[in-house]
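Residue numbering for the sequence shown follows my numbering, beginning at 604 and increasing consecutively. Below is one structure, written out as structure tokens, with a few remarks after it.
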Amino acid sequence: MSGLNLVTIKHKNNLGVKIAGCGFFVPERKLTNLDLEKMVDTSDEWILQRTGIKERYLTPEGVASSDLAVHSSLQAIKSAGIKKIDLIIVTTVTPDYPVPAGANLLQDKIGATKAGAFDLNAGCSGFSYGLVTGSQFIISGNYKNVLVVGVDTLSRITDFTDRNTCVLLGDGAGSVVLQRDEGESGPVAFTLGSDGGKYDSIIVPAGGSLHPASIASIENKSHFVRMDGRAVFEFAVNKTVGVIQEVLDKARLNIKDIDYFLLHQANLRILEGISRKLKIPWSKILVNIDRYGNTSAASLPILLTEAINEDKIKKGQLLLFAGFGAGLSWGVTIWRW
Ligand code: UT7
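Here's what the structure looks like:
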């Protein structure tokens, strides 16, 4: 019996969910591997071989996650052609402030005065969690339009003297408008998971209620993200492979039934490992990590928006979204377009 809390969705009363619009945004300033060579003891060759990343984007001073999210969200709202949003869910680990939520700021900035708004923190699994959460409000029949945003300004929690992390991370935002749809579109099956025992595999040790900001925390650079890269790599490949297979089994589907796999862009070698182990043809795996690095919660909606802009995704196709990251956490959803 599966150890996962797997769910298959039966769309009752024709309450399907469609992704009616999407958008993404990255700030202007590009940081290349050659730039990083001047900052830490690394090389373009090492970064490319070990991660597949060539460049990533950094947010300028005075600009924050909600600002990136405004750009991606206005695109999503425009492409969905909607006037009213019922709910805003912002998935992020880098809100503008610890309090209030980034979603409150975004709500104000886009003038969505009637919308409820909250943040959801599930690390790099954030968008996977957000997609499932937002869908529930629609499938229940309670809301018609839900804006789900994945945004992170990881550069604000990155130690640019730590080569273990700074070569990987980038900033960005991606948004989708989920909308009630008469039909079968939306989540087919999903699972959301967590292994909180491994909470310290990816951690920002200070700035929370256990170790609030102090002179010592600043001196120790404890406000920056720390990561056990090798452990996370192993988790990312093995857990994601196992969970994808179980969700497919639950939905009575096979790898060949899925048209595209949208896997969190953390490391090209992680994607290759998942592809090899599950025998997923490489042409079905969408990849943009070379151009953006790991943008955490923004990774999947950026990937999706690019695929839509390139006209790759067609009505009726099956997509598989998989996020994994801090928590440790994971979320896998099979989605009918
Ligand atoms: O979104 C989820 C969050 N994070 C992830 O998914 C990250 C998962 N982990 C990874 O992507 C990889 O583990 C890393 C890219 C972080 C590291 O790659 P690796 O192949 O696992 O390298 P490693 O940690 O085993 O280190 C190999 C060597 C070490 O040197 P020695 O001990 O063999 O002499 C490191 O010190 O590479 C060295 N190294 C570097 N060298 C040049 C580590 N970082 C760098 C660097 N440049 N940036």
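Ideal Cβ positions, reconstructed from N, Cα and C, are used throughout, including at glycine.
Top-ranked residue by Cα proximity to Val807, from Ala819, Ser820, Gly796, His826: Your numbering for residue 807 matches position 204 in the sequence shown. Taking only the C-alpha atoms, the option nearest Val807 is His826.
Using CA coordinates, which residue listed in Pro630, Ala672, Arg894 is at the minimum distance from Gly777? One-based indexing of the sequence shown puts residue 777 at position 174. Each of Pro630, Ala672, Arg894 was checked against the Cα of Gly777, and the nearest Cα belongs to Ala672.
Start-end ranges of the alpha helix (DSSP H) lying completely within the stretch 832–864, minimum 4 residues: Listed in chain order, they are 832–853.
Give a single yes or no on whether Ile691 has its beta carbon closer than 7 Å to a heavy atom of the ligand GTP. As for the ligand GTP, it is missing from this structure, which binds only the ligand UT7.
Does the distance from the C-beta atom of Thr936 to that of Val779 stay below 8 Å? Here residue 936 refers to the residue found at position 333 when the sequence shown is read from its first residue. Here residue 779 refers to the residue found at position 176 when the sequence shown is read from its first residue. Contact: no.
Is the stretch 721–729 close to the stretch 895–904, with three or more CB pairs under 8 Å? Yes: the two stretches touch, three or more of their Cβ pairs being nearer than 8 Å.
Nearest to Leu906 by alpha carbon, out of Lys918, Phe924, Gly919, Gln920? Translated into positions along the sequence shown, residue 906 becomes position 303. If we check each option's Cα against that of Leu906, Phe924 comes out closest.
Can you check which of these residues, Leu618, Glu909, Gln868, is closest to Gly729 by C-alpha distance? Within the sequence shown, residue 729 is the residue found at index 126, counting from 1. Comparing Cα-Cα distances from Gly729 to each of Leu618, Glu909, Gln868, the minimum goes to Gln868.
Cβ-Cβ distance between Trp940 and Lys915 below 8 Å: If you number the sequence shown from 1, residue 940 lands on position 337. If you number the sequence shown from 1, residue 915 lands on position 312. Between Trp940 and Lys915, the gap from beta carbon to beta carbon reaches 8 Å or more.
Roughly how many whole angstroms lie between the Cα atoms of Trp933 and Ser804? To locate residue 933, count along the sequence shown from 1; it is residue 330. To locate residue 804, count along the sequence shown from 1; it is residue 201. Trp933 and Ser804: Cα-Cα distance of roughly 14 Å.
For Tyr895, which three-state DSSP category applies? Taking the first residue of the sequence shown as position 1, residue 895 is located at position 292. Residue state, collapsed to three classes: helix.
Run through DSSP, which three-state label would Gly773 get? The residue labelled residue 773 in the question sits at position 170 within the sequence shown. Gly773 falls in the coil class under three-state DSSP.
Mapping DSSP to helix, strand and coil, what is Thr908? Counted from its first residue, the sequence shown places residue 908 at position 305. The three-state reading of DSSP puts Thr908 in helix, counting H, G and I together.
Less than 8 Å between the beta carbons of Tyr863 and Leu881, yes or no? By 1-based counting over the sequence shown, the position of residue 863 is 260. By 1-based counting over the sequence shown, the position of residue 881 is 278. No, these two residues do not count as a Cβ contact at 8 Å.
Using only the heavy atoms of the ligand UT7, determine whether one of them is closer than 7 Å to the beta carbon of Met642. Here residue 642 corresponds to residue number 39 of the sequence shown, with the count starting at 1. No, the Cβ of Met642 stays beyond 7 Å of every heavy atom of the ligand UT7.
Would you list the one or two residues that DSSP bridges to Pro790? To locate residue 790, count along the sequence shown from 1; it is residue 187. As DSSP reads the structure, Pro790 sits in a beta bridge with Trp938.
Distance between Glu849 and Ile656 (C-alpha atoms, nearest Å): On the sequence shown, residue 656 is found 53 positions in, with the first residue counted as 1. On the sequence shown, residue 849 is found 246 positions in, with the first residue counted as 1. Their backbone Cα atoms lie some 30 Å apart in a straight line.
So, is Asn636 buried or exposed, given that buried needs 16 or more other C-beta atoms within 10 angstroms? In the sequence shown, the residue the question calls residue 636 occupies position 33. Burial call: buried.
Less than 7 Å separating the Cβ of His826 from some heavy atom of the ligand UT7? Locating residue 826 in the sequence shown gives position 223, counting from the first residue. Answer for His826: no, Cβ out of range of the ligand UT7.
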